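Enquirer:
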Amino acid sequence: MINIDIGATAVAVLTLFGIYALMAISLNLEYGVAGVPNFGKALFVSIGAYTAGVTYTRLLPLLAGLESIHPCGPSMGAALQLRSEIMATQPAAGFINLALTFALAAAIAGAVGFAVSYVTLRLKEEWFLALVLLVGGETVRILVRGADDLICSNNGISGVAQPFYFLRDPGASSFLFMLLALALALAAYLYSERLVRSPFGRMLKGLRENEDVTRGLGKGISLARAQIMAVGSLIAAIGGVLFALNTGFVNTNDFVVNLTLDVWVMVVLGGIGNNRGALLGALLIAIMDRLAQIGAIILNMGGSEIEFNYVRFIAFGLILLWMLRYRPGGLLPESRLTTEAHEVVKRVIGAAK
Amino acid sequence: MTPLLQLHNIRKDYGGLRAVDDVSLAAPENAIIGLIGPNGSGKSTLIDLIAGAAEQTAGRVIFAGEDISDLSADAIFKKGIARGYQEPSLYFKMTVLDNVLLPVKDQRGERPWYAPWRRYWAHEEAGHAEAAVTVLEQVQLLQHYDTLASDLSGGQMKLLEIARCLMGKPKLLLLDEPTAGVAPKLAYEIFQQIARLRDDYGITFLIVEHRLEILFDFADYVYVMHLGNLLAEGTVAEIANDATVREVYFGD
């Protein structure tokens, strides 16, 4: 039998939940609320991770008052040692670097999301955007992998330590990192809840339901779509930064189309258009991921030759089909009201009686 | 006095098909203008062209003295032209109240940077809700404010569509068969509403309608289209007694 540390497993699952929650909330805003089929989630998540790869190798040494070492090629080892040392001994530099990474990743991803959707969504078919992003995400991934200097092509950047690494206590630093991920997920959730219950959310839902009518009612729909893509993309990029920090590693192989599909499963499973559904979907997938890992270890130790990753793919496919067939609204269907206007009207009617 | 809406030599080609051919018409303020003609005569296309949902091949659309020929549908709505559709085109998964609140112009809470912070728009939203009460009351839908639009009857849907337009404070309302699929008695009531809105708010209506027996009771002026052309125009009495109109329209 293998020993499972319940506490450490819970921390790992909840950290993963926080990261997935950011991705699921961002897709829920775009597709669930506004009906924009973003099949390039991996692209926007990867922008966050690549940004972390660049800041940890270029910006961090400068913040620590040291000369930066080229992270790739012969000096790779020395550069890794330098950033590990800074993260272990200079927490202030680590935190400032992280804050700047978040800001930079959000700004880049937000701008890319806005620009891509503004250009492609002016076309009649919104599924054109889905294709552009699907292909674009893969293209960017291959370009980044091919660029020798950015994140060292196939080698990636390792030693992307999370900000509490300086504590030299894996349990405590993992716990604090989990809190950071959960706090950011909570912030994104609260923000999205407010957005959905605002006139902006109402317009997005209208856009989702009938584009032509919404344009006919005076709404600039290309702009609204670009705006929600910018918001969703910056949230996804923040998830991407945390994703890199969680694995300690930035590698283009993590951002293949599968990641996008995972996020879609979360949203469809949880409830399209419902932020709480997105959270639920993220939690279920995080638990499933961990169970799959444990299952794989148990199977391998038992001498089985089943590749557990494929079992995971099959399971996700089945979940998607089953949900779309029997519960197309997801486990938690969308709420139908937007603003407090309904209470205002209720009061007015009540007063008139 | 210049008319509120003027169409000058409007033409629309779909490939080789000429749907609208050299149509000119004018609608004065504060009037109900009927637009009639057999199926396929180009009436709905004309509505689409005025509203900006389609682009004319040639010709000019002048509204309140301004050339709006090349404006997009959202810009035309903001100028003061709202439209209803032949098929009910509501937000069926939204409540009646959300349906009428959406078209309100220049909502602060529609900007993403204000949207999450209720204090920037809650007051304004409450004002819009009160305006919605007045409008919904006029079309007798107030008690249904919390109902999903998909749960309304056919006639109520038509009324909600008009109410939704009114929230944009239009000067001109384009309606494409506002009584389609509605029981005769309710159809008459819908036109009574329309007449009241013309009188109370000075709104001009351009109405495509097949139920001539009702339209002729309310219209101030009627245009007749046939095969993309304007066949005749005049008061109800003139149109009803026009021999050519009777021939193409009633087949006698």
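Which chain is which? The protein sequence lines are A and B, in order. Its first residue numbered 359, the first sequence is counted upward by one per residue in the working numbering. Its first residue numbered 4, the second sequence is counted upward by one per residue in the working numbering. Cβ atoms here follow ideal geometry from the backbone N, Cα and C, with glycine treated the same way. On a predicted model such as this, the values are computed, not experimentally measured, just so you know.
1) From the DSSP output, in three-state form, read off B/Leu145 for me.
2) So A/Arg694 contacts chain B; which residues on that side make the cut at Cβ distance below 9 Å?
3) What residues in the stretch 530 to 558 of chain A bring their beta carbon closer than 7 Å to a beta carbon of chain B?
4) Secondary structure at B/Thr137, three-state DSSP: helix, strand or coil?
5) If we ignore side chains and look at the alpha-carbon of each, how far apart do A/Leu387 and B/Glu164 end up?
6) List, from N- to C-terminal side, the alpha helix (DSSP H) runs of 4 residues or more that fit wholly inside the stretch 59 to 111 of chain B.
7) Could you give the distance in angstroms between the alpha-carbon of B/His131 and the alpha-carbon of B/Lys15?
8) For chain A, find out if any of its Cβ atoms is closer than 7 Å to the Cβ of B/Lys15; answer yes or no.
9) Can you list, in chain order, the residues of its chain with a C-beta nearer than 6 Å to that of A/Leu641? Leave out the 5 residues immediately preceding and following it.
10) Taking DSSP as the reference, what is the three-state secondary structure of A/Thr605?
11) Below 7 Å between beta carbons: does that hold for A/Met445 and A/Gly452?
12) Keeping to the same chain, check which residues put their C-beta closer than 8 Å to that of A/Leu492; ignore five residues upstream and five downstream.
13) Between B/Tyr224, B/Ile210, B/Gly231 and B/Val251, which lies nearest to B/Ala240 when the distance is taken from Cα to Cα?
14) Would you list, in chain order, the members of the stretch 47 to 77 of chain B that have their beta-carbon closer than 9 Å to a beta-carbon of chain A?
15) Among A/Leu438, A/Gly504 and A/Val369, which has the Cα closest to the Cα of A/Ser516?
16) Check the Cβ of B/His131 against every Cβ in chain A and list those closer than 8 Å, keeping chain order.
17) Looking at B/Ile193: is its Cβ nearer than 7 Å to the Cβ of B/Thr182?
18) With 16 as the cutoff for other CB atoms within 10 Å, does B/Trp116 come out buried or exposed?
19) Quick one: using the 10 Å Cβ neighbour count with 16 as the cut-off for buried, is A/Pro557 buried or exposed?
20) Using the Cα positions of A/Leu689 and A/Leu372, report the straight-line distance between them to the nearest angstrom.
21) Would A/Gly390 pass as a contact of A/Ala595 if the rule is Cβ separation under 7 Å?
22) Determine the direct distance from the alpha carbon of B/Glu180 to that of B/Ser92, and round the result to whole angstroms.
23) Using a Cβ-Cβ cut-off of 8 Å (strictly less than) and excluding sequence neighbours within five positions of A/Thr413, which residues of its own chain qualify?
24) Taking C-beta pairs closer than 8 Å, name the residues in chain B that A/Met659 reaches, listed in chain order.
25) Is the stretch 16 to 25 of chain B close to the stretch 217 to 235 of chain B, with three or more CB pairs under 8 Å?
26) Which class does B/Thr182 belong to by DSSP, given the choice of helix, strand or coil?
27) Just reading off the beta strand (DSSP E) that A/Glu701 is part of, what are its end residues?
28) Within its chain, find whatever has a CB closer than 6 Å to the CB of A/Phe402; leave out the 5 residues flanking it on each side and keep chain order.
29) So for B/Glu236, helix, strand or coil by DSSP?
30) Any beta carbon of chain A sitting closer than 7 Å to that of B/Ala118?
31) Can you grab the Cα-Cα spacing for the pair B/Ala235 / B/Tyr226, in whole Å?
32) What's the gap between the Cα of B/Ser47 and the Cα of A/Gly495?
33) Please tell me whether A/Thr697 and A/Arg573 are closer than 7 Å, where the distance is taken between their beta carbons.
34) Taking a cut of 9 Å between CB atoms, which residues from the stretch 581 to 607 of chain A lie near chain B?
35) Check whether the Cβ of B/Val200 lies closer than 7 Å to any Cβ atom in chain A.
36) What residue does the alpha helix (DSSP H) around A/Leu657 start on, and which one ends it?
Expert: A quick look at the data gives this:
1) As a position in the second sequence, residue 145 of chain B is number 142, starting the count at 1. B/Leu145: helix per DSSP, three-state reduction.
2) Locating residue 694 of chain A in the first sequence gives position 336, where the first residue counts as 1. Within chain B, the residues near A/Arg694 are Lys96, Met97, Thr98, Asp101 and Leu151.
3) Listed by position along the chain: Tyr549, Arg552, Leu553, Ser556, Pro557 and Phe558.
4) Walking along the second sequence from the start, residue 137 of chain B turns up at place 134. It is helical.
5) Within the first sequence, the letter at position 29 stands for residue 387 of chain A. Within the second sequence, the letter at position 161 stands for residue 164 of chain B. When rounded, the distance between both Cα atoms is 27 Å.
6) You should have 76 to 82 and 99 to 104.
7) Looking up residue 131 of chain B in the second sequence gives position 128. Looking up residue 15 of chain B in the second sequence gives position 12. Distance between the alpha carbons of B/His131 and B/Lys15 is about 38 Å.
8) Residue 15 of chain B sits at position 12 when you count from the first residue of the second sequence. No, because no Cβ of chain A sits closer than 7 Å to the Cβ of B/Lys15.
9) Residue mapping note: residue 641 of chain A aligns to position 283 of the first sequence, counting from 1. Taken in chain order, the residues that qualify are Phe375.
10) By one-based count along the first sequence, residue 605 of chain A stands at place 247. In this structure, A/Thr605 counts as helix in the three-state DSSP scheme.
11) As a working mapping, residue 445 of chain A is identified with position 87 in the first sequence. As a working mapping, residue 452 of chain A is identified with position 94 in the first sequence. A distance below 7 Å separates the beta carbons of A/Met445 and A/Gly452.
12) To locate residue 492 of chain A, count along the first sequence from 1; it is residue 134. Cβ neighbours of A/Leu492 beyond the five flanking positions: Phe397, Gly398, Val615 and Thr618.
13) Here the question's residue 240 of chain B lines up with position 237 in the second sequence. Nearest in C-alpha terms to B/Ala240, of all of B/Tyr224, B/Ile210, B/Gly231 and B/Val251, is B/Tyr224.
14) Those would be Ala54, Gly55, Ala56, Ser75, Ala76 and Asp77, in chain order.
15) Walking along the first sequence from the start, residue 516 of chain A turns up at place 158. The shortest Cα separation from A/Ser516 among A/Leu438, A/Gly504 and A/Val369 belongs to A/Leu438.
16) Within the second sequence, residue 131 of chain B is the residue found at index 128, counting from 1. Result: Ala699.
17) The residue given as residue 193 of chain B occupies position 190 in the second sequence. The residue given as residue 182 of chain B occupies position 179 in the second sequence. A contact, by the Cβ cut-off of 7 Å.
18) As a working note, residue 116 of chain B is residue 113 in the second sequence. It counts as exposed.
19) Counting from 1 along the first sequence, the entry for residue 557 of chain A is found at position 199. Buried.
20) If you number the first sequence from 1, residue 689 of chain A lands on position 331. If you number the first sequence from 1, residue 372 of chain A lands on position 14. Answer to the nearest angstrom: the Cα atoms are 20 Å apart.
21) Numbered from its first residue, the first sequence carries residue 390 of chain A at position 32. Numbered from its first residue, the first sequence carries residue 595 of chain A at position 237. Contact: no.
22) To locate residue 92 of chain B, count along the second sequence from 1; it is residue 89. To locate residue 180 of chain B, count along the second sequence from 1; it is residue 177. When rounded, the distance between both Cα atoms is 13 Å.
23) As a first step, residue 413 of chain A must be located in the first sequence, where it is residue number 55. Hits under 8 Å: Asn455, Leu458, Thr459 and Leu462.
24) For the purposes of this step, residue 659 of chain A is taken as residue 301 along the first sequence, with counting starting at 1. Going along chain B, no residue has its Cβ under 8 Å from A/Met659, so there is no contact; the nearest lies around 49 Å.
25) The stretch 16 to 25 of chain B makes contact with the stretch 217 to 235 of chain B: 3 or more CB pairs, one atom from each, lie closer than 8 Å.
26) The residue given as residue 182 of chain B occupies position 179 in the second sequence. The answer is coil: DSSP assigns B/Thr182 none of H, G, I, E or B.
27) In the first sequence, counting from the first residue as 1, residue 701 of chain A sits at position 343. Looking at the DSSP string, A/Glu701 is not in any beta strand (DSSP E); the run it does join, the alpha helix (DSSP H), is Ala699 to Ala710.
28) As a first step, residue 402 of chain A must be located in the first sequence, where it is residue number 44. In its chain, beyond the 5 residues on either side, Ala467, Ser591, Ala594 and Ala595 have a beta carbon closer than 6 Å to the beta carbon of A/Phe402.
29) As a position in the second sequence, residue 236 of chain B is number 233, starting the count at 1. Reduced to three states, the DSSP call for B/Glu236 is strand.
30) As a first step, residue 118 of chain B must be located in the second sequence, where it is residue number 115. Among the CB atoms of chain A, one or more fall inside 7 Å of the CB of B/Ala118.
31) Start at 1 with the first residue of the second sequence, and residue 235 of chain B comes out as number 232. Start at 1 with the first residue of the second sequence, and residue 226 of chain B comes out as number 223. Between the alpha carbons of B/Ala235 and B/Tyr226 lies a distance of about 6 Å.
32) As a first step, residue 47 of chain B must be located in the second sequence, where it is residue number 44. As a first step, residue 495 of chain A must be located in the first sequence, where it is residue number 137. Spanning the two alpha carbons is a distance of roughly 43 Å.
33) Taking the first residue of the first sequence as position 1, residue 697 of chain A is located at position 339. Taking the first residue of the first sequence as position 1, residue 573 of chain A is located at position 215. A/Thr697 is not a Cβ neighbour of A/Arg573, given a cutoff of 7 Å.
34) Correct list: Ala582, Gln585, Ile586, Ala588 and Val589.
35) One-based indexing of the second sequence puts residue 200 of chain B at position 197. Reading the sequence as shown, one finds Leu at residue 200 of chain B and not Val. So no, B/Leu200 is outside the interface.
36) Reading the first sequence from its first residue, position 299 is the one you call residue 657 of chain A. Per DSSP, the unbroken alpha helix (DSSP H) holding A/Leu657 starts and ends at Asn633 to Met659.
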